[in-house]
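Student:
Chains as they are written, first to last, in my numbering: chain A, 1 to 215; chain B, 1001 to 1076.
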């Protein structure tokens, strides 16, 4: 690996290592909280935090909220509305069951991020060791690509089911909110790009094998 | 691969050890072993040149084509 690229790879590896440690700490804390939450929340005044993604409007896909013009209608603007509004509903609760599934999804999310960071660390380690086209490296890139595609489709279903479950138990007034359902196109696209990268690396591995077996 | 390297045969004919040939040709014993066990995918002309020079033979003495279906030489 050339000198400048080697330095860049070291910097990226350091950044990934720090991110991995932070994500691991978050994962451990959240998992510990989740494991101990039945005991912690058994107290009379103890509360747990809940955060769920919501769509602003009455529909899950492309929700629309009509907006009123202040004062008399000018005629210049007609039918103003907010389309595809998204947000996060946060509240505190003393109900253990209400906070459990949203926090379980968070733990799962941290776990997935940790696993992907672990794979990226392995790829960088191979690259820094001068073996970027190793078979295990290509397998890691392929797993990252497939995971991203799977997450792109799985996240909307998980978010939707958890949010609809929580919203069904709440009686909120003032703003129409619905559980969101968004296919993560950018995640799926990133996964496809990573798969293309994996096939390029596979070709590189074949070339390297040919080269090493050329006497 | 249907191309076989008859390096062991030539070594017996020349009464030479693999290590000695590796030293004289200037390639590692591991690479020469890959060549001898027919695991090589390709051979450089420079390697072939050095082998022929040290073994005193022609490229055809080192390389042989065997039909994989019949396991015999197929010379038309």
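We put the beta carbon where it would ideally sit given N, CA and C, even for glycine.
Are there 16 or more other CB atoms within 10 angstroms of the CB of residue 69(A), so buried, or fewer, so exposed?
Tutor: exposed
Student: Going along the chain, which residues of its own chain have a beta-carbon closer than 6 Å to the beta-carbon of residue 66(A), five neighbours each way excluded?
Tutor: These residues qualify, in order along the chain: 81.
Student: How about residue 1047(B): is its C-beta nearer than 8 Å to some C-beta of chain A?
Tutor: Among the CB atoms of chain A, one or more fall inside 8 Å of the CB of residue 1047(B).
Student: Inspect the beta-carbon positions of residue 1025(B) and residue 1042(B) and report whether they are closer than 8 Å.
Tutor: no
Student: Quick check: what's the CA-CA separation for residue 185(A) versus residue 38(A)?
Tutor: 37 Å
Student: Measuring CB to CB, does residue 225(A) end up less than 8 Å from residue 54(A)?
Tutor: Within the shown structure, residues of chain A are numbered from 1 to 215, placing residue 225(A) beyond reach of any answer.
Student: Specify whether the segment 81 to 99 of chain A and the segment 148 to 158 of chain A touch according to this definition: at least 3 beta carbon pairs, one from each stretch, less than 8 Å apart.
Tutor: no
Student: Name the residues in the segment 1027 to 1039 of chain B whose C-beta lies less than 9 Å from a C-beta of chain A; which are they?
Tutor: 1027, 1031, 1032, 1034, 1035 and 1039
Student: Could you tell me whether the Cβ of residue 1042(B) comes closer than 8 Å to any Cβ of chain A?
Tutor: yes
Student: With 16 other CB atoms within 10 Å as the buried threshold, where does residue 1029(B) fall?
Tutor: exposed
Student: Residue ranges of each alpha helix (DSSP H) run of no fewer than 4 residues wholly in the segment 169 to 213 of chain A, ordered along the chain?
Tutor: Whole alpha helix (DSSP H) segments, 4+ residues: 185 to 212.
Student: Does the beta carbon of residue 207(A) sit closer than 8 Å to a beta carbon anywhere in chain B?
Tutor: no
Student: Whole angstroms are fine: how far does the CA of residue 1008(B) sit from the CA of residue 141(A)?
Tutor: 42 Å
Student: Would DSSP call residue 1061(B) helix, strand or coil?
Tutor: helix
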